[in-house]
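Line order of the protein sequences matches chains A and B. My numbering puts the first residue of the first sequence at 1, with every later residue one more than the last. My numbering puts the first residue of the second sequence at 1, with every later residue one more than the last. Using N, Cα and C, we set each Cβ at its ideal position, and we do this for glycine too.
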Amino acid sequence: MSRFALSSSGTSTFSVNRRQSLLQLGALVTLPWAAGSALAQQSFTVQQSNGAVQIPVKPKTILVFDMAALDCLRALGAQVKGVPEVVKFPQVLEQYASKDYTRIGSLFEPNYEVVKGLNPDVIVAGGRSAAKVPELSKIAPTLDLTVNNAKPVESAFKHLKILGQMVGAEAKADELIAAMQADIDKLKGLTAGKGTGLMVMTNGGKLSAYGPGSRFGMLHDVYGIAPANKDIQVAGHGQAISFEFILKTNPDWLFVLDRDAAIGREGASASKLLDNPLVNATKAARKKQIVYLNSANWYLLGNASPGSLHDDVTQLINAFSQA
Amino acid sequence: MRPLAFALPAVAALAVLAFISLLVGVSDVSVATIVRLFSHNEDDLATQVLVASRVPRTLALLLAGSAMAVAGLLMQMLARNHYVEPSTMGTAESAGMGMLVGVLLWPDMPVFAKMGLAAVFALAGTALFLAVLSRIRLRAALIVPLVGLVLSGVIESATTFIAYRFDLMQTARSWMTADFSAIVQGRYELLWLSLVVTVVAMVAADRFTVAGMGQDFATNLGLNYKRLVAQGVAVVSVVTASVIVTVGIIPFVGLIVPNLVRLVVGDNVRKSVLWVAWAGALMALVCDLIGRLVIAPYEVPIGTVMGVIGSAMFLALLLARRKRMGG
Chain A
1 MSRFALSSSG
11 TSTFSVNRRQ
21 SLLQLGALVT
31 LPWAAGSALA
41 QQSFTVQQSN
51 GAVQIPVKPK
61 TILVFDMAAL
71 DCLRALGAQV
81 KGVPEVVKFP
91 QVLEQYASKD
101 YTRIGSLFEP
111 NYEVVKGLNP
121 DVIVAGGRSA
131 AKVPELSKIA
141 PTLDLTVNNA
151 KPVESAFKHL
161 KILGQMVGAE
171 AKADELIAAM
181 QADIDKLKGL
191 TAGKGTGLMV
201 MTNGGKLSAY
211 GPGSRFGMLH
221 DVYGIAPANK
231 DIQVAGHGQA
241 ISFEFILKTN
251 PDWLFVLDRD
261 AAIGREGASA
271 SKLLDNPLVN
281 ATKAARKKQI
291 VYLNSANWYL
301 LGNASPGSLH
311 DDVTQLINAF
321 SQA
Chain B
1 MRPLAFALPA
11 VAALAVLAFI
21 SLLVGVSDVS
31 VATIVRLFSH
41 NEDDLATQVL
51 VASRVPRTLA
61 LLLAGSAMAV
71 AGLLMQMLAR
81 NHYVEPSTMG
91 TAESAGMGML
101 VGVLLWPDMP
111 VFAKMGLAAV
121 FALAGTALFL
131 AVLSRIRLRA
141 ALIVPLVGLV
151 LSGVIESATT
161 FIAYRFDLMQ
171 TARSWMTADF
181 SAIVQGRYEL
191 LWLSLVVTVV
201 AMVAADRFTV
211 AGMGQDFATN
221 LGLNYKRLVA
231 QGVAVVSVVT
241 ASVIVTVGII
251 PFVGLIVPNL
261 VRLVVGDNVR
271 KSVLWVAWAG
281 ALMALVCDLI
291 GRLVIAPYEV
301 PIGTVMGVIG
311 SAMFLALLLA
321 RRKRMGG
């Protein structure tokens, strides 16, 4: 009995070892973008700021901390196991409010016990959870899909490709990318010559402004809306401004992100806040060109995913085609 | 000290600063605009900015600054300690917790209800502070503010924890640091209430002076000490709540201003309360002007400016006192 046990465990150890070494061999041979390789891919390498990471192909248990990545996976038709706890899921991600998905922490802070307990094959983090990538990497291979604000669209496309490769849906990823690009091109064609725009965020009754290169800079950098003020410095939560600043900047378009609404707490609404003599004197107000953006999409997904980008670009296309 | 000889220049200085405050901002408002406003009613853009934004902001600064300073003075008499103020003894932090609870339970709460809730929390927090204080035997000068700081730390941590759990950290931060940038017509009027309360404090000044001498002394003079303390706490709580709901927590004014005035005028509340109100308004105006100027056209919140200037002044005050006492 004891001999049998010994030999049996010995055999299984050997076979695991052999499989592992085959895996490693596969990983060594497979280059990041070597699509169409004859070898069956077991994993592929993604270069990240903290070094290279081996991402398994067709992983069974996927945990996602980043909302944009979650939308990408949804669009790719992939199954995920765990999602973060949020007060209210953005419309495009409503399906994940179901109890079928395990809550694995907040957008910022993983619940490590739950994460570990799920024994994930891969974890997808980024943006708000980027700081936790090193810690998460100790549990499972972790993708850091933080959007590069200087190149938001390139980032989004790159991330979609990586996720497509991961879940074995490369063709679908390419299709989604083409659709996103078409949306953007259509909007770009409409914004030229339609005047300048200013992006503000309202938060607890206070205002901040965002310009080109910021987290909402794609309005100017990608969608082609001329910035009403080119000098707004890039800062995580924008630059604190007064209503006078809006009047002085006097944009043709005012884009408003109501942060309180974005996180599912609609208090004194942004429109009430902005209904004052100073804002009402701007060109944007007089032309009725104050656009209340879909806060949850802009704030939580940053237009870095197929669903949110389509919805948000469509809203802007509608606004600009009426102007 | 002859009050009248000082009163005229003091009022003049405040008026000049308030006038400058009207002129500083992103849009162009000139002296001519202000003159025009008083001479004949013109409805140009600059006049609109003046009426809708500058005047409300300047008034809000005057009201909030003086109210917070007077609240600090009262609290110092009631706690019989010169180093307490609403933001170092749990009043302001409790009011903040009330705001958070309001946002969680009833996000569309009208502003008066919000203030009421904040005031109730502020009352409870202040009462807790005084209750803890009455159980402490060793009332050395620095023990009292330390107890207050510990208590406000605990309350603030609890608030932060709730805010963190419900993803409201940044919303909470918006009233943790005072900021006058969003003050326009229609968004500051609640502060007039704090003026009413400040006037009440002025009327009752003598009683608070007596309260500052302790329970036994006050009772011997025929005052209902407990009722007086309750009234004082109510005044401080309502003032703090109205300021926090409108602009956020303004630190240090209530601590530094009464102490500076005390150095000159002494402990008599009736003599000092007007000076405290004056200096509080002055300090608020100066700090807000600095915040508006350093990174124009953007703004540094007054809470931040006040934190920097206030802590420096507080240190200077402590060191000056030690020197005077020969330490």
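Check: When burial is assigned at 16 or more other CB atoms within 10 Å of the CB, is Lys272/A buried or exposed?; Outcome: exposed
Check: Can you tell me which of the three DSSP states Gly327/B falls into?; Outcome: Any reading at Gly327/B must be qualified, since the residue scores a pLDDT of 47, below 50, and its modelled position is unreliable; no value is offered.
Check: When the distance is taken between beta carbons, is Ala182/B closer than 7 angstroms to Gly205/A?; Outcome: yes
Check: First and last residue of the alpha helix (DSSP H) that includes Gln322/A?; Outcome: Pro306 to Gln322
Check: Only counting the same chain, and skipping five residues up and downstream in sequence, which positions put a Cβ closer than 7 angstroms to that of Tyr188/B?; Outcome: Pro56, Leu59, Ala60 and Thr246
Check: Assign Asp71/A to buried or exposed, taking buried as 16 or more other Cβ atoms, counted over all protein chains shown, within 10 Å of its Cβ.; Outcome: buried
Check: How about Tyr298/B: is its C-beta nearer than 7 angstroms to some C-beta of chain A?; Outcome: yes
Check: Taking the alpha-carbon positions, what's the Ser272/B to Arg292/B distance?; Outcome: 30 angstroms
Check: Taking the runs of the alpha helix (DSSP H) that are 4 residues or longer, which of them lie wholly in the segment 137-191 of chain B?; Outcome: 143-165 and 169-176
Check: Going by the CB atoms, is the gap between Ala178/B and Gly96/B shorter than 7 angstroms?; Outcome: no
Check: Could you please give the first and the last residue of the uninterrupted alpha helix (DSSP H) stretch that includes Val167/A?; Outcome: Pro152 to Val167
Check: Beta-carbon of Asp206/B versus every beta-carbon of chain C: anything under 7 angstroms?; Outcome: In the structure shown, chain C does not exist; the protein chains are A and B.
Check: Starting from the Cα of Phe180/B, find the closest Cα among Pro212/A, Gly189/A, Ala240/A and Ala228/A and give me that residue.; Outcome: Ala240/A
Check: Taking Phe89/A as the query, report the chain B residues whose CB atoms sit under 8 angstroms from its CB, ordered along the chain.; Outcome: Result: empty, since nearest Cβ-Cβ is about 12 angstroms, beyond 8 angstroms.
Check: Looking only at its own chain, which residues have a Cβ that is under 8 angstroms from the Cβ of Leu142/B, when we skip the five neighbours before and after it?; Outcome: Tyr83
Check: Between Trp275/B and the rest of its own chain, which residues show a CB-CB distance below 7 angstroms, the 5 nearest in sequence each way excluded?; Outcome: Val261 and Val265
Check: Does DSSP put Ile302/B in a helix, in a strand, or in coil?; Outcome: helix
Check: Counting only the same chain and skipping the five closest in sequence on each side, list residues whose C-beta sits under 7 angstroms from that of Gly222/B.; Outcome: none
Check: Whose C-beta lies closer than 6 angstroms to the C-beta of Val305/B among residues of the same chain, with five residues either side of it excluded?; Outcome: Cys287, Ile290 and Gly291
Check: What's the gap between the Cα of Asn303/A and the Cα of Thr146/A?; Outcome: 13 angstroms
Check: Can you list, in chain order, the residues of the segment 183-204 of chain A whose Cβ is nearer than 8 angstroms to any Cβ on chain B?; Outcome: Asn203 and Gly204
Check: In terms of DSSP beta bridges, what is Pro227/A paired with?; Outcome: Gly197/A
Check: Measuring only between beta-carbons, confirm whether Glu244/A sits less than 7 angstroms from chain B.; Outcome: yes
Check: With burial defined as no fewer than 16 other Cβ atoms inside 10 Å of the residue's Cβ, what is the status of Phe44/A: buried or exposed?; Outcome: buried
Check: Tell me, please, whether the CB atom of Thr171/B is closer than 7 angstroms to any CB atom in chain A?; Outcome: yes
Check: Assuming Pro86/B and Gly254/B are in contact, meaning their beta carbons sit under 8 angstroms apart, how far apart are those beta carbons, in whole angstroms?; Outcome: 5 angstroms
Check: Going straight from the alpha carbon of Thr91/B to that of Thr314/A, what length do you get?; Outcome: 48 angstroms
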